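In order, the protein sequences belong to chains A and B. Quick note on our numbering: the first sequence kicks off at 18 and runs consecutively. Quick note on our numbering: the second sequence kicks off at 436 and runs consecutively. Heads up, the beta-carbon is just placed ideally off N, CA and C, and yes, glycines get one too. Predicted model, so just to flag it, every value in this text is computed and none were measured.
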Amino acid sequence: MIIELREFTRVEGNGKAEIVIENGEVKDVRLKIIEGPRFFELLTLGRHYYDVPDLEARICAICYLSHSVASVLGIERAFGVEVPEEIALIRELGLIGELLESHALHLYLLVAPDVFGYPDAIRMATKHGELVKEGLALKAFGNRIRVMVGGREIHGINVKPGGFGRYPTVEELERVEKESEALLRLARRAVRLFAQLDPYGAQARHFVATDGYLWGEKLVSDEEGAFHYTERIEERSLVYSFAKQSRYKGETFFVGALPRLLLKSEMLTPAAKRLFEEHREKLETGYVSYNNLAQAIELVYSLERANEIAKTLLDRGIEGENIPVEPREGEGIGYVEAPRGVLIHHYRIDASGKITYSNIITPTALNHAMMEASLLEEARKLYGEAEEQAMIGRLEETVRAFDPCISCSVHLVKL
Amino acid sequence: MMDKLRLGVFELTDCGGCALNILFLYEKLFDLLEFYEITEFHMATSLSEENHYDVALVTGTVSTQRDLNLLKEARNHSEYLIALGTCATHGSVQGSVELPIREKLKAVYGDDGNPMRALDSKPVVEYVAVDFALPGCPYDKNEVYQVLMDIAKGIEPVRKDYPVCVECKLNEYECVLVKKGLPCLGPITYGGCNAACIRSGLGCIGCRGPLPGEVNPASEYEILKDLGYDDEYIIRKFKTFARWEP
Ligand code: SF4
Ligand code: SF4
Numbered sequence: 018m019i020i021e022l023r024e025f026t027r028v029e030g031n032g033k034a035e036i037v038i039e040n041g042e043v044k045d046v047r048l049k050i051i052e053g054p055r056f057f058e059l060l061t062l063g064r065h066y067y068d069v070p071d072l073e074a075r076i077c078a079i080c081y082l083s084h085s086v087a088s089v090l091g092i093e094r095a096f097g098v099e100v101p102e103e104i105a106l107i108r109e110l111g112l113i114g115e116l117l118e119s120h121a122l123h124l125y126l127l128v129a130p131d132v133f134g135y136p137d138a139i140r141m142a143t144k145h146g147e148l149v150k151e152g153l154a155l156k157a158f159g160n161r162i163r164v165m166v167g168g169r170e171i172h173g174i175n176v177k178p179g180g181f182g183r184y185p186t187v188e189e190l191e192r193v194e195k196e197s198e199a200l201l202r203l204a205r206r207a208v209r210l211f212a213q214l215d216p217y218g219a220q221a222r223h224f225v226a227t228d229g230y231l232w233g234e235k236l237v238s239d240e241e242g243a244f245h246y247t248e249r250i251e252e253r254s255l256v257y258s259f260a261k262q263s264r265y266k267g268e269t270f271f272v273g274a275l276p277r278l279l280l281k282s283e284m285l286t287p288a289a290k291r292l293f294e295e296h297r298e299k300l301e302t303g304y305v306s307y308n309n310l311a312q313a314i315e316l317v318y319s320l321e322r323a324n325e326i327a328k329t330l331l332d333r334g335i336e337g338e339n340i341p342v343e344p345r346e347g348e349g350i351g352y353v354e355a356p357r358g359v360l361i362h363h364y365r366i367d368a369s370g371k372i373t374y375s376n377i378i379t380p381t382a383l384n385h386a387m388m389e390a391s392l393l394e395e396a397r398k399l400y401g402e403a404e405e406q407a408m409i410g411r412l413e414e415t416v417r418a419f420d421p422c423i424s425c426s427v428h429l430v431k432l
Numbered sequence: 436m437m438d439k440l441r442l443g444v445f446e447l448t449d450c451g452g453c454a455l456n457i458l459f460l461y462e463k464l465f466d467l468l469e470f471y472e473i474t475e476f477h478m479a480t481s482l483s484e485e486n487h488y489d490v491a492l493v494t495g496t497v498s499t500q501r502d503l504n505l506l507k508e509a510r511n512h513s514e515y516l517i518a519l520g521t522c523a524t525h526g527s528v529q530g531s532v533e534l535p536i537r538e539k540l541k542a543v544y545g546d547d548g549n550p551m552r553a554l555d556s557k558p559v560v561e562y563v564a565v566d567f568a569l570p571g572c573p574y575d576k577n578e579v580y581q582v583l584m585d586i587a588k589g590i591e592p593v594r595k596d597y598p599v600c601v602e603c604k605l606n607e608y609e610c611v612l613v614k615k616g617l618p619c620l621g622p623i624t625y626g627g628c629n630a631a632c633i634r635s636g637l638g639c640i641g642c643r644g645p646l647p648g649e650v651n652p653a654s655e656y657e658i659l660k661d662l663g664y665d666d667e668y669i670i671r672k673f674k675t676f677a678r679w680e681p
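Following this line, the structure appears as C-alpha cells:
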C-alpha cells in the first residue's frame, strides 16, 4: 500500500511524498520533487561571466542574493581576484539581510501556524496579530538590506564580480545600525517561542557547513579537516524526482542553521552565543526540528552582526571602488551559506570570459536524503499509532523544518 | 458588505519569486484582503478549497504535465486569469535553453534520461487565453496590487505601454547606455519597474520582456554593435527573458 501525501504547502516550490507500507509496516519513503527542471547550468554555458550572477539569481527568489554572491565568488576565484574588506563586508551584510528575510518568512509565516494550529499566518493573525506583525517587521528589515545591497527585493543585479553597481550610503548604513538594535527584542522573543517545541524527525548523523560563518573557501564537517565538495559529497539521480540526491561519504547529512550553530558556535556574536549555550544540550541532539530553534537564534546573530558591520563601515567610511576583473582561464568554486544551508557554485571559465562548465548544488538537494530519512523515522513512529490525518500533518511539519526550497533543487547538472 | 472575491494563486515551475512577491506587499496585502479571500495559495496556506475562483493568478512556466494540468484547472475554474511574471508571460530564463527536452534531460540526469515527464518550458500564454498579462521577473508588487484593486472595483486594469527609458528619464538617472557604454535593454523593455537596475548604475537586462509596437529593436541592436558587443552576445541578451528575434 502506498500513502500519498498531497503536495506540500507552506514550503517554497512543488513537492510531495509517498509512504510505502508493506505487511502493516512502513517500508520506505520517497520524497518526490515534482517541480519541473529548470536547466540553470545549461543556461549559463557559453555565457559571458559578467551576466551570469544575474541569471543565477533567478534560481530562487527567497535567497537570490546567496546565489548571486556564490556565483560572484566562484567567478572571482576562477580569475584569482581578491576583494578588499569593504566589499566583503557589504556582501556579508547582504547575506545577513537575506537570512533575516528568509528565516522570518519561514518561522513566522510558515511554521508558526503549525504551532498555533492555523492553516496559515493570515488566519492566525486574527488572534496572534502581534506575532505576525513582528515577523513581518523582521522580514521587511531583511528586505530593506537586500534592496540596499542587491538592488531590489527580488532578483536585483547590484552584486557584481569585483564589487557593486552602487554602494550603500551613509544614511542607509545609519538606518541599518539603528533598526538592527531596535529589532533585537523581537528576535529574542522568537527564540523563546521556538525553544518550547518538542523534537521530531530524525537525528542527523553528519553536519556540513562552510568554513566561515556565511561563506568560505572550503567546507567543514563534524569530522576532521576542511574539504572541497568533490572530495566527500556525491550526487546521484533518482527515478522519481527532478532533484538529485547527495550523500556525504555515502551517508545522509544535514546542512542549514542547526549545522551552522553546531559547527561554528565560536564565531557567533555575544547574545547569540549566550542563547546557543543556553540551548546547547537540546541542539546537540541533532533533531532536525531544532533547525527552527537554530533559525531563531540566527535572527539574533544576524541583527547583532548587521549592527557591527554597519558600525565598522560607518567608522572607516565607504570608498566605493570596484576591483578590476580581467578574465583568464580558470576554475573556481563559490561556497555560501544560503539561509537553508550550504550552496555551491562551481565554474570553469575560458580566457575570453565564457563559462565552459558549471555545477550548482543547493541546500535542499544536499538535504534531500536527510529529509527522506526524517520522514521515514517519523512515519515509523506514527503509523498505526496516530490517526492518518494527524500523521500526515506531522510529516508535513517534518519536511517543513528543513525549510526546503524546492525550486532551487531541480537543476543540478553533470556535464 | 459585499461578498469577497475568491482569489487563487497557482504556482507552476519557477523560482517562487512571483508568488513570494505577493507576501512582500506586507500591510497592503491586508488591504487586498478587504476585497479578496485567498482560497488557494500553496506557498502561504494549507487551506485549499478547489472549486471556483473569481481571479486566478498563475506564475511560472509550463514545464511538466503537472503544470499543464494545474494551469487548465485554473483556467477552467476562474473568471479572470492573470499570467503573472515573465515566466508566465514570456517564458523567462528557464525557457531560454533552446535544446530539445530530451537532450537537456540527458545533460542533467545522465543516461537514465527523463526521470518524470518533463516538457519544454513554455509560458502560460502559449497554452491558454489569459485575461491580463503582467510581466516582470519579478513584476513590480505595486502593479499587481493596483491590478487586483482595479478588478475588485470593476475597472479593467491598464497595461503599461512605455519602455524602461521613460522611467529612467523621470527619475533623472544618468543613461548607462550612452554615458557608460553598458549593454542596457531599457529602450526596448516594458516599463513598470521604475528603472530599478539603472538606479544601481547598471544596464537593464530586459527582465520585463520586450515592449511591442513602436520600439525599435533593430536600432538597439546597432547601438550595441557600435559599442563593440558581438552578435552572439547581443542575441543571447535579447533572448534571455523572452524568445524574440532582434
Ligand atoms: S518571472 Fe522571474 S521572479 Fe517570477 S517566477 Fe519567473 S523567474 Fe521567478
Ligand atoms: S531595469 Fe530592466 S532588468 Fe531591471 S527591473 Fe527594470 S526591466 Fe528588469
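Alpha helix (DSSP H) segment containing residue i, residue limits
| i | result |
| --- | --- |
| Y149/A | Contrary to the premise, residue 149/A reads as Val rather than Tyr in this sequence. Per DSSP, V149/A belongs to the alpha helix (DSSP H) from A138 to G167. |
| E338/A | Looking at the DSSP string, E338/A is not in any alpha helix (DSSP H), and its letter there is neither H nor E. |
| P652/B | P652 to D661 |
| A553/B | That residue, A553/B, is in no alpha helix (DSSP H); its beta strand (DSSP E) goes A553 to P558. |
| Q220/A | That residue, Q220/A, is in no alpha helix (DSSP H); it is neither H nor E in DSSP. |
| V187/A | V187 to A212 |
| L112/A | E102 to A121 |
Residues near residue i in its chain [Cβ-Cβ closer than 8 Å; skip 5 each side]
| i | result |
| --- | --- |
| E321/A | S197, L201, T286, P287, A288 and A289 |
| G267/A | E251 |
| K299/A | A212, P216, Y307 and L310 |
| V187/A | L331 and I335 |
| E591/B | D585 |
Proximal residues of chain B, C-beta to C-beta of residue i below 7 Å
| i | result |
| --- | --- |
| A226/A | Within 7 Å Cβ-Cβ: nothing; A226/A doesn't reach chain B, min ~24 Å. |
| D71/A | I640 |
Exposed unless 16 or more other CB atoms sit within 10 angstroms - verdict on residue i
| i | result |
| --- | --- |
| V430/A | With a pLDDT of 32 at V430/A, under the threshold of 50, the modelled position of that residue is not reliable, and the figure given next carries that caveat. Buried, by the Cβ-count rule. |
| L432/A | Because the pLDDT of L432/A is 28, which lies under 50, any placement of that residue in the model is unreliable, and the number read from its coordinates should be weighed accordingly. Flag for L432/A reads exposed. |
| I340/A | exposed |
| Y307/A | buried |
| Q529/B | buried |
| A204/A | buried |
| R770/B | Because residue 770/B is not part of the residues shown, which for chain B are 436 to 681, the question remains open. |
| I19/A | exposed |
| L519/B | buried |
| H362/A | buried |
| F57/A | buried |
| V427/A | Below a pLDDT of 50, predicted positions are generally treated as unreliable, and V427/A, at 43, falls in that range; the measurement from the model is reported next regardless. V427/A should be labelled buried. |
Where residue i meets chain A, residues with beta-carbon distance less than 9 Å
| i | result |
| --- | --- |
| Q529/B | G53, P54, R55, F56, F57, L60, R75 and H428 |
| I473/B | D137 and I139 |
| A523/B | Ordered by position in chain A, no residue passes the 9 Å Cβ test against A523/B, which lies about 14 Å from the chain. |
Cut-off 7 Å between Cβ atoms - residues of its own chain near residue i, not counting five sequence neighbours on either side
| i | result |
| --- | --- |
| G636/B | V611 |
| N324/A | E194, S197 and E198 |
| G526/B | T496, S556, K557, P558, A677 and R678 |
| K439/B | F470, Y471 and E472 |
Closer than 7 Å at the beta carbon, the chain A residues around residue i
| i | result |
| --- | --- |
| V532/B | F56, L59 and L60 |
| F673/B | Under the 7 Å cutoff, chain A gives no residues; its nearest Cβ is about 12 Å from F673/B. |
8 Å Cβ cut-off: residues of chain A touching residue i
| i | result |
| --- | --- |
| Y668/B | H65 |
| K539/B | P54, F56 and L59 |
Neighbourhood of residue i by C-beta, 6 Å cutoff - its chain only, sequence neighbours within 5 removed
| i | result |
| --- | --- |
| E93/A | P178 |
| R64/A | I372 |
| C425/A | Any reading at C425/A must be qualified, since the residue scores a pLDDT of 49, below 50, and its modelled position is unreliable; no value is offered. |
| I350/A | G91 and H363 |
| I104/A | G180 |
| C453/B | T494, L519, G520 and P573 |
9 Å Cβ cut-off: residues of chain B touching residue i
| i | result |
| --- | --- |
| H172/A | C450, G452, C572, P573 and C642 |
| I79/A | C450, G451, G452 and L455 |
| A157/A | F459 and Y461 |
| R183/A | R634, S635, G636 and L637 |
| R357/A | The premise fails here: R357/A is roughly 13 Å from chain B at the closest Cβ pair, so nothing lies under 9 Å. |
Span of the beta strand (DSSP E), counted from its first residue to its last, around residue i
| i | result |
| --- | --- |
| G451/B | That residue, G451/B, is in no beta strand (DSSP E); it is neither H nor E in DSSP. |
| T379/A | Unbroken run through T379/A: none, as it is neither H nor E. |
| G358/A | G358 to I366 |
| K33/A | G32 to E39 |
Partner residues on chain B for residue i, Cβ-Cβ distance less than 8 Å
| i | result |
| --- | --- |
| R161/A | Result: empty, since nearest Cβ-Cβ is about 11 Å, beyond 8 Å. |
Contact with chain C by residue i, beta-carbon distance below 8 Å
| i | result |
| --- | --- |
| I623/B | No chain C appears in this structure, whose protein chains are A and B. |
Exercise. Which residues, taken in chain order from the stretch 486-511 of chain B, show a beta carbon closer than 7 Å to some beta carbon of chain A?
Worked result: S498, T499, R501 and D502
Exercise. Got a sec: which bits of the stretch 176-202 of chain A sit with their beta carbon under 9 Å from any beta carbon on chain B, in order along the chain?
Worked result: K177, F181, G182 and R183
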